[in-house]
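Heads up: the structure comes next, in C-alpha cells.
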Amino acid sequence: MKPIHERATNYGAVGATAHFDFSRFPPKGFEVIQRRARIGHGRPRYDAAVAALRTWKVQRLSGIEVDVVGSEEGTVYRPVGFDGTEATRAASIEPQQDFGPDGEPFLQPGDSIDQRVRVLGMQIHAPMRVIAIEDEESSHGVILGTLEGHPEAGEERFTIEIVEDETVFLHFRALVRDAKWWVRLGSPIARAMRRRYHDRYMDVLRSIDVR
C-alpha cells in the first residue's frame, strides 16, 4: 500500500461535516453522529482545549497511539471550504507552522496521521488526514477524514466553542460507515468502540490542564 501521505480519502463526501445541513442528507450507507458537551468555562479553558485539539492530545490522551505525517515541505494544500450551501475550495495556503504552549507543533491542513488502536490483542491501523481548519473569533474546528487502509470510512469534525457567558463546549460531528468486511461482521462492537472513544474525547477536554 502507498505511504500514508500519498493515500487518498476512502470516502467521497469530503468536507460534508462542515455543511450546516449535513445530518439531513448524509451519503447513502453512512451513520450520522452528533455530540455536544460542556467542557468548562473561561478563555483559558477554551485556549487549552484548542491547543489539545491541534496537537493530537485529544486522541493520545484517549488511548490512541498517533504517528504524525506532515504535509510535504513546499507544497500548497487547498482545504475544503463552504460558500453558502455549496462546497468550494478555499484559497490555497502555504504551509505554516504554529506551536502549542508546550512547544508541540500544531496540526495543519494536509497533515496525515497513522492512528493505532488495540482490539482483542490486535493492533489496528486507522490513517486519517486533516481536511480543514476552521478558525473563528469564538470557535475553532478541525475536520479529519479517513484514508485508504482505514477500517472505517468517513469524517470527524471537532469544534471548540466559547459562548457569551464564557461557557466552553465541544461540538462533535461524524459521518461513518464500516469499510472492511471484518468491521461489518463485528458492527455492534465497532459502534460500541466509537461511542467509547467519543466519550473519552469529552472527558479529556474537561480534564486538560489550564495554564
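For the record, in the sequence shown the residue sitting at position 123 is 123 according to UniProt numbering, with numbers rising by one throughout. C-beta: ideal position from N, C-alpha, C; glycine also. Note that the coordinates shown come from a computational prediction; the quantities given were computed from them, not determined experimentally.
{"Check": "4 or more residues per run - each alpha helix (DSSP H) lying fully within the UniProt domain \"DUF1990\" (106-203)", "Outcome": "181-185"}
{"Check": "Whole-Å CB distance - L175 paired with A49, under 8 Å assumed", "Outcome": "Not really, about 23 Å apart at Cβ, beyond 8 Å."}
{"Check": "Same chain, Cβ closer than 6 Å to Q34, neighbours up to 5 away in sequence not counted", "Outcome": "R173"}
{"Check": "Under the three-state DSSP convention, the category V210 falls into", "Outcome": "coil"}
{"Check": "I64 (DSSP reduced to helix, strand or coil)", "Outcome": "coil"}
{"Check": "Identified DSSP bridge partners for R38", "Outcome": "F169"}
{"Check": "Nearest residue (CA-CA) to A126, options V168, A190 and E164", "Outcome": "A190"}
{"Check": "T9 - DSSP class collapsed to helix/strand/coil", "Outcome": "strand"}
{"Check": "Beta-carbon proximity check, T9 vs R129, cutoff 8 Å", "Outcome": "yes"}
{"Check": "Helix, strand or coil at V14 [DSSP, three-state]", "Outcome": "coil"}
{"Check": "Beta-carbon spacing of L170, A37 below 8 Å", "Outcome": "yes"}
{"Check": "Own chain partners of I64 with C-beta closer than 6 Å, once the 5 adjacent residues on each side are dropped", "Outcome": "Q115 and V117"}
{"Check": "Whole-angstrom distance between M202 and E166, CA atom to CA atom", "Outcome": "18 Å"}
{"Check": "Residue burial classification, K57 (beta-carbon count within 10 angstroms, cutoff 16)", "Outcome": "buried"}
{"Check": "Beta-carbon gap between I131 and G141 smaller than 8 Å", "Outcome": "no"}
{"Check": "Straight-line Cα distance separating H41 from M1", "Outcome": "45 Å"}
{"Check": "Distance CB(F106)-CB(T55) smaller than 8 Å", "Outcome": "yes"}
{"Check": "Delimiting residues of the alpha helix (DSSP H) encompassing P44", "Outcome": "R43 to R54"}
{"Check": "For V32, the residue or residues it bridges with in DSSP", "Outcome": "L175"}
{"Check": "Exposure label - S147; buried when at least 16 CB within 10 Å", "Outcome": "Here the sequence assigns Leu to residue 147, which means Ser is not the residue at that position. L147 comes out buried."}
{"Check": "C-beta atoms of R186 and F30 nearer than 8 Å", "Outcome": "Note on identity: in this sequence residue 186 is Gly, with Arg being the wrong assignment. Cβ atoms of G186 and F30: not closer than 8 Å."}
{"Check": "Cβ distance (whole Å) where I162 is taken to contact Y46 below 8 Å", "Outcome": "4 Å"}
{"Check": "Sequence-distant residues of the same chain with beta carbon closer than 7 Å to F25, five excluded per side", "Outcome": "none"}
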